[in-house]
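These notes are about the structure you will find just below.
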Amino acid sequence: MKIMISSFKKLKNSNFIYWSVIFVAVIIGTIIRLKGLGKWSLALDEYYIVKSAENILKYGLPQFPQGGYYDRGILLQYFISILLTLGIKAELAARILPVLANLITIPPTYLIAKRIGNKYIALVTVVIFSFSIWEIEFARFARMYTMFQAVFMWYIYLALIDYENKNFKNYKWLLFLSGLSIFIYEGSLFLAVFNFIPFLLVRKVQLKYLISSTLLFIVSFILNRFNFRELGAGTIFPPEFIEHISYLPRILPIKIPAVLFPYSFNAVLSIIIAVIIIAVTFSLTLKLLSNLENKSIYTYLALLFLSISAIANQFGLFILSFFLFVFWDFFDKSLINFRSLTLLGLILLINFVYWYGFGIFTSDWYVLFDDFSSYDFWGISKRIFVAFFNYPDNYLTLLNYFNSLPILTLFSSFTLLGLFLFILFPSKNQNGLKFLCGTVIFLGLIFSIPELLYQETRYTFFMVPLVIVLVNLTVYKLLQIKLKNQLLVLTLFAFIIISVFALSRDFSLYHLLNIDKEDVNYRMIYDNNYKKHLYRRWDVKTPTDYIKNNMQLDDVIMINENSQEYYLPKVDYFNFDFRHRAFVALSASAGKKEKWSDAKLIYKNDDLLNLIEKRSNTIWFIVYPELWLNEIDFYKRYDKYLVYQGIDKMLKVYKFDYPQD
Numbered sequence: 037m038k039i040m041i042s043s044f045k046k047l048k049n050s051n052f053i054y055w056s057v058i059f060v061a062v063i064i065g066t067i068i069r070l071k072g073l074g075k076w077s078l079a080l081d082e083y084y085i086v087k088s089a090e091n092i093l094k095y096g097l098p099q100f101p102q103g104g105y106y107d108r109g110i111l112l113q114y115f116i117s118i119l120l121t122l123g124i125k126a127e128l129a130a131r132i133l134p135v136l137a138n139l140i141t142i143p144p145t146y147l148i149a150k151r152i153g154n155k156y157i158a159l160v161t162v163v164i165f166s167f168s169i170w171e172i173e174f175a176r177f178a179r180m181y182t183m184f185q186a187v188f189m190w191y192i193y194l195a196l197i198d199y200e201n202k203n204f205k206n207y208k209w210l211l212f213l214s215g216l217s218i219f220i221y222e223g224s225l226f227l228a229v230f231n232f233i234p235f236l237l238v239r240k241v242q243l244k245y246l247i248s249s250t251l252l253f254i255v256s257f258i259l260n261r262f263n264f265r266e267l268g269a270g271t272i273f274p275p276e277f278i279e280h281i282s283y284l285p286r287i288l289p290i291k292i293p294a295v296l297f298p299y300s301f302n303a304v305l306s307i308i309i310a311v312i313i314i315a316v317t318f319s320l321t322l323k324l325l326s327n328l329e330n331k332s333i334y335t336y337l338a339l340l341f342l343s344i345s346a347i348a349n350q351f352g353l354f355i356l357s358f359f360l361f362v363f364w365d366f367f368d369k370s371l372i373n374f375r376s377l378t379l380l381g382l383i384l385l386i387n388f389v390y391w392y393g394f395g396i397f398t399s400d401w402y403v404l405f406d407d408f409s410s411y412d413f414w415g416i417s418k419r420i421f422v423a424f425f426n427y428p429d430n431y432l433t434l435l436n437y438f439n440s441l442p443i444l445t446l447f448s449s450f451t452l453l454g455l456f457l458f459i460l461f462p463s464k465n466q467n468g469l470k471f472l473c474g475t476v477i478f479l480g481l482i483f484s485i486p487e488l489l490y491q492e493t494r495y496t497f498f499m500v501p502l503v504i505v506l507v508n509l510t511v512y513k514l515l516q517i518k519l520k521n522q523l524l525v526l527t528l529f530a531f532i533i534i535s536v537f538a539l540s541r542d543f544s545l546y547h548l549l550n551i552d553k554e555d556v557n558y559r560m561i562y563d564n565n566y567k568k569h570l571y572r573r574w575d576v577k578t579p580t581d582y583i584k585n586n587m588q589l590d591d592v593i594m595i596n597e598n599s600q601e602y603y604l605p606k607v608d609y610f611n612f613d614f615r616h617r618a619f620v621a622l623s624a625s626a627g628k629k630e631k632w633s634d635a636k637l638i639y640k641n642d643d644l645l646n647l648i649e650k651r652s653n654t655i656w657f658i659v660y661p662e663l664w665l666n667e668i669d670f671y672k673r674y675d676k677y678l679v680y681q682g683i684d685k686m687l688k689v690y691k692f693d694y695p696q697d
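According to the numbering used here, the stretch in the sequence shown is residues 37 to 697, in order.
This is the structure:
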């Protein structure tokens with residue numbers, strides 16, 4: 037009896053400590069997220085959300101002064117507009133919902149980790165999430181990234197339950213969450229696509245859900261592709277811009293793989309060898325198919341896709357798709373044996389060797405690239421490898437992560453690769469894990485298909501908690517295989533994960549303790565790669581305050597970056613060169629106006645110089661460093677007019693007095 041009472045007390049104490057650690061981590065993480073939340077000026081992208089929320093209060097809709105509508109983060113815009121009517125400071129009103137959304141992400145992250153792992157993996161995952169600099173900074177960022185992340189993690193948790201139970205019990209909630217995400221983020225289109233995945237994985241269809249998913253996808257696609265910013269806006273661009281873009285190569289909405297096959301038809305020998313390679317590939321595929329015990333339409337389609345990927349030299353796509361098909365049971369377990377894997381390896385090897393040789397000894401395919409570093413053996417080989425492995429562009433995605441978080445990127449990449457190889461081989465109780473690994477691959481594939489204006493880590497931010505769960509699970513399982521002592525497994529697991537996290541750039545005690553200080557907020561202590569990863573902020577408030585405190589009533593104010601406008605009493609001119617890729621988002625009224633500030637738009641250097649040199653009023657010009665200003669040697673030419681710089685020296689204030697000196 038005494039032993040039972042003693043064991044019960046130990047269990048109670050263990051649970052108390054367990055939940056105390058989680059509680060303390062979440063509370064401290066919440067305090068850090070809230071500390072000085074509304075203290076600093078709006079970042080550039082935050083300005084767009086806040087300004088649009090104010091336009092809602094002015095027009096009833098997120099309408100630009102010259103027509104058109106800002107449709108990003110609609111739900112966040114309306115939430116901010118409500119808080120603004122209550123008199124809450126704009127900076128705080130804009131950032132509080134992203135913080136709340138980030139905290140709402142913790143429960144599904146915990147539940148997923150516990151469901152496919154155990155409570156200890158879940159605990160460590162919550163601790164990492166609570167103190168992750170990236171999670172904290174994006175929680176303090178007035179955009180829709182944490183809101184979409186929260187929706188995504190709840191969606192995946194519910195989809196995981198249905199997949200394991202082979203039913204559609206939670207499917208109505210999947211529809212609700214994917215529908216809600218339409219009003220949060222344009223990435224919602226991927227959830228609308230994912231709504232069809234349960235039908236493939238459960239191997240049955242409920243008609244009402246299929247119809248609902250189809251309608252939701254159509255609505256999401258239309259809303260995603262329709263340009264609301266030009267609706268009712270009349271003529272938007274000046275003739276110089278129209279002429280400029282007419283000379284630029286057309287940018288397709290999706291990335292196109294670099295396929296060498298079409299260039300093999302330029303010589304008889306190449307044609308003959310290509311035909312032989314195709315014949316051998318399909319012959320090996322048929323041989324592989326005959327080795328499989330159970331075949332379905334999924335099996336045939338998957339092998340056809342892999343064969344075509346190999347023939348089209350898309351070996352990165354081949355490898356990732358192979359893992360995806362295995363994890364989602366498109367193949368049965370008979371594929372995972374020496375003979376079948378050898379045949380699959382031969383398909384890959386034969387095509388790799390042929391297309392590499394073709395690339396080295398021919399040059400017709402060079403037109404696929406305009407960025408050869410050189411035309412020697414190494415320079416050509418690099419472009420060939422890009423053609424082989426950069427569709428989807430996971431290399432560039434990983435490179436961006438590596439430049440920002442080298443330790444975590446390497447650790448996570450090798451850990452996940454180990455996990456993928458481990459679960460290739462059938463084992464009990466791996467259905468949920470295979471579903472999640474397949475989900476990561478699937479989203480990585482389809483998310484890199486659209487042609488995006490910017491390649492940045494923030495666009496895959498929503499997947500981070502899921503990756504943390506899988507990495508933690510892998511480390512735990514590897515230790516569990518090697519060690520029998522459970523206490524030792526737990527100790528080493530916590531030590532390894534916490535150590536890697538602590539040594540990485542995603543954790544900094546200085547950053548966390550000084551989250552509301554200027555050097556942290558304005559990223560003054562970080563290099564450019566990490567600044568971009570956390571999203572760059574710069575001091576707008578002190579330069580604009582300097583102008584407000586020193587300007588005269590009839591002085592003219594000119595800016596060249598949007599967030600400056602929010603802290604000024606007026607803006608007369610907006611300087612932005614028509615050749616810049618972001619010009620399309622700023623021009624209004626045939627180039628006469630800037631879309632957000634409604635200021636007169638100066639989009640050519642000649643007009644800028646003319647305005648300054650022939651001024652009839654004192655001009656204040658707040659300058660964000662832009663390349664077009666270097667073309668006219670602006671900084672050297674007007675150095676004597678520099679009167680003030682922001683805290684981080686990013687923005688510079690120039691005062692051009694009138695009458696002139």
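A virtual CB, placed ideally from N, CA and C, is assigned to each residue, including glycine.
Assignment of Y680 by DSSP, reduced to helix, strand and coil, places it in the strand class. N611 is bridged by DSSP to I638. Within its own chain, the residues whose Cβ lies closer than 7 angstroms to the Cβ of Y334, once the five positions on either side in sequence are excluded, are F366, listed in chain order.
By the Cβ neighbour-count rule, I658 is buried, with 16 or more other Cβ atoms within 10 Å of its own. Checking the DSSP bridge columns, you'll see V187 has no partner listed. Setting aside the 5 residues that flank it on each side, M560 is surrounded in the same chain by D684, each with a C-beta closer than 6 angstroms to its C-beta; the list follows chain order. A residue is called buried when at least 16 other Cβ atoms come within 10 angstroms of its Cβ; Y639 meets this threshold and is buried. Put simply, the backbone Cα of K577 is about 34 angstroms away from that of L539. V505 is not a Cβ neighbour of G223, given a cutoff of 9 angstroms.
In the DSSP annotation of this structure, the continuous segment of the alpha helix (DSSP H) that includes W170 starts and ends at I169 to A175. Taking the CA atoms as reference points, K672 sits about 23 angstroms from D575. Residue ranges of uninterrupted alpha helix (DSSP H) with 4 or more members, entirely inside the stretch 78–157 and ordered along the chain, are 80–95, 110–121, 126–140 and 142–152. Taking 8 angstroms as the upper bound for CB-CB distance, N508 and I157 are in contact here, some 5 angstroms apart. Segment contact: the stretch 114–123 against the stretch 473–483, fewer than three CB-CB distances shorter than 8 angstroms; contact not assigned.
In the three-state scheme derived from DSSP, where H, G and I count as helix and E and B as strand, A269 is classed as coil. Judged by DSSP in its simplified three-state form, M499 adopts helix. Taking C-beta atoms as the reference points, G104 and Y221 fail to come closer than 9 angstroms.
In terms of Cα proximity to D368, the closest of Q350, A338, F351 and Y677 is A338. Annotated three-state conformation of S652 is coil, per DSSP. According to DSSP, residue pairing for F657 in a beta bridge involves M594 and Y690.
P486 sits in a strand when the DSSP states are folded into three classes. Per the coordinates, the alpha-carbon of F358 lies some 13 angstroms from the alpha-carbon of K470. Ranking V304, Y299 and T378 by CA distance to the CA of N349 puts Y299 first.
Under DSSP, K629 shares a beta bridge with A624 and K636. Excluding sequence positions up to five before and after V525, its CB lies within less than 8 angstroms of the CB of Y512, L515, Q516 and L519, all in the same chain and listed in chain order. Secondary structure of I532 (DSSP, three-state): helix. In this structure, F165 sits away from G268, with a CB-CB distance that is not shorter than 9 angstroms. With contacts defined by Cβ atoms closer than 9 angstroms, V689 and W664 do not form a contacting pair. One thing to note: F394 has its Cβ within 9 angstroms of the Cβ of L296. Taking a cut-off of 8 angstroms for Cβ pairs, the stretch 190–197 and the stretch 592–599 do not touch, as fewer than three such pairs fall below it. Put simply, of D693, D675 and G468 the residue whose alpha carbon is nearest the alpha carbon of N586 is D693. Shown here for R151: same chain residues with a beta carbon closer than 7 angstroms to its own, the five before and five after excluded, namely L196 and G468 in chain order. Bridge partners of I290 according to DSSP: P486. With respect to the 9 angstroms criterion, L644 and K631 are not classified as neighbours on the basis of their beta carbons. Rounded to the nearest whole angstrom, the CA to CA distance from L455 to Y566 is 28 angstroms. Of all alpha-carbon atoms in K87, I347 and V163, the one lying nearest the alpha-carbon of F537 is that of V163.
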